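Q:
Residue numbers (my numbering): 4 to 209.
Structure (structure tokens):
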């Protein structure tokens, strides 16, 4: 087992870190087990169950911990990478970077990539639709044809939108994690830590 660490203490020496454990075992979730099988080189962070949404008139949810926010970033990127590799049946496709985005009362996560001038982009979207729609994976999906074909799927806090532009042979893939409650200062600090980590490791986190 090898680990990846992301400093979360604002970049100073000795600050706390999150360790992404790269395990060979199973998660206990059939879907994430399949993602792990397809991307054995990428670590997955097991997160606690999603809290129920706050109803109108109730107090805001308490902020989640740094490990949960960074785990959502890690998992969203791993999922986007697995979906891209599945779509093109190509295990060498590069890792997709996910980004933490501030929003009212917390943060969301987005992993986005575009593959252009691909002659088999339509077939890639077919493979992606079949994989997400397979029984037992827990995704609710919809596939709308047209000049721009749009595949959408949702599973818990995760949403996938894939668009195929037939005229240009472009496939755009967006994977989002819904809002996680967090403080503004917490989101700013973690975004800075992720940017620093990306620079250190040669990644891309804007």
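Glycine included, C-beta positions come from ideal geometry on N, C-alpha and C.
It should be emphasised that the depicted structure is a prediction, and the values quoted were computed from it without experimental measurement.
Report back the beta-carbon spacing between residue 101 and residue 80 to the nearest angstrom; my notes put them in contact at under 8 Å.
A: Sequence index remark: in the chain shown, residue 101 carries index 98 (1-based). Sequence index remark: in the chain shown, residue 80 carries index 77 (1-based). Their Cβ separation, rounded to whole angstroms, is 4 Å, which keeps residue 101 and residue 80 in contact under 8 Å.
Q: Along the alpha helix (DSSP H) that carries residue 74, what are the first and last residues, could you check?
A: As a working mapping, residue 74 is identified with position 71 in the chain shown. Unbroken alpha helix (DSSP H) run through residue 74: 69 to 90.
Q: Less than 7 Å between the beta carbons of residue 141 and residue 34, yes or no?
A: As a first step, residue 141 is located in the chain shown; it is residue number 138 there, counting from the start. As a first step, residue 34 is located in the chain shown; it is residue number 31 there, counting from the start. In contact: residue 141 and residue 34 (Cβ atoms closer than 7 Å).
Q: My assumption, with CB atoms under 8 Å, is that residue 178 sits in contact with residue 114. Please give the rounded CB distance.
A: In the chain shown, residue 178 corresponds to position 175, counting from 1. In the chain shown, residue 114 corresponds to position 111, counting from 1. So it is a contact: roughly 5 Å between Cβ atoms.
Q: Quick check on this structure: which residue in 145, 164, 159 has the alpha carbon closest to the alpha carbon of residue 176?
A: Walking along the chain shown from the start, residue 176 turns up at place 173. Of 145, 164, 159, the residue nearest in Cα terms is 164.
Q: Could you check which residue in 144, 65, 191 has the C-alpha nearest to that of residue 157?
A: Reading the chain shown from its first residue, position 154 is the one you call residue 157. If we check each option's Cα against that of residue 157, 144 comes out closest.
Q: Are residue 174 and residue 99 closer than 7 Å when you measure CB to CB?
A: Numbered from its first residue, the chain shown carries residue 174 at position 171. Numbered from its first residue, the chain shown carries residue 99 at position 96. No, the pair does not count as a contact, with Cβ atoms beyond the cut-off.
Q: Suppose you measure from the CA of residue 125 to the CA of residue 136; what does that come to, to the nearest Å?
A: Numbered from its first residue, the chain shown carries residue 125 at position 122. Numbered from its first residue, the chain shown carries residue 136 at position 133. For residue 125 and residue 136, the distance between alpha carbons rounds to 17 Å.
Q: Per DSSP, what kind of secondary structure is residue 119 in: helix, strand or coil?
A: Working through the chain shown from its first residue, we reach residue 119 at position 116. In the structure shown, residue 119 sits in coil (DSSP, three-state: anything other than H, G, I, E or B).
Q: From which residue to which residue does the beta strand (DSSP E) around residue 2 run?
A: The requested residue 2 is not part of the displayed model; the chain covers only 4 to 209.
Q: According to the neighbour-count rule (16 or more other Cβ atoms, all chains shown, within 10 Å of its Cβ), is residue 120 buried or exposed?
A: Numbered from 1 along the chain shown, position 117 holds the residue referred to as residue 120. Residue 120 should be labelled exposed.
Q: If you compare alpha carbons, which of 188, 95, 181 is closest to residue 78?
A: What you label residue 78 is simply residue 75 of the chain shown in a count that begins at 1. Considering only alpha carbons, the answer is 181.
Q: Can you give the Cα-Cα distance for residue 196 and residue 70, rounded to whole angstroms?
A: In the chain shown, counting from the first residue as 1, residue 196 sits at position 193. In the chain shown, counting from the first residue as 1, residue 70 sits at position 67. About 13 Å.
Q: List in chain order: all unbroken beta strand (DSSP E) runs of 3+ residues lying wholly within the segment 169 to 197.
A: Counting only runs of 3 or more, we get 173 to 184.
Q: Counting C-beta neighbours from all protein chains within 10 Å, is the total for residue 139 16 or more, i.e. buried, or is it exposed?
A: Translated into the one-based positions of the chain shown, residue 139 becomes position 136. Classification of residue 139: exposed, given that the 10 Å Cβ count is below 16.
Q: Given this structure, state the Cα-to-Cα distance separating residue 128 from residue 94, to the nearest angstrom.
A: Here residue 128 is taken as the residue at index 125 of the chain shown, counted from 1. Here residue 94 is taken as the residue at index 91 of the chain shown, counted from 1. For residue 128 and residue 94, the distance between alpha carbons rounds to 16 Å.
Q: Take residue 41 as the anchor and find which of 65, 64, 68, 82 has the nearest alpha-carbon.
A: On the chain shown, position 38 is the one that residue 41 refers to. Answer by Cα proximity: 82.
Q: So what does residue 131 bridge to, in DSSP terms?
A: Translated into positions along the chain shown, residue 131 becomes position 128. Its beta-bridge partners do not exist; DSSP assigns none.
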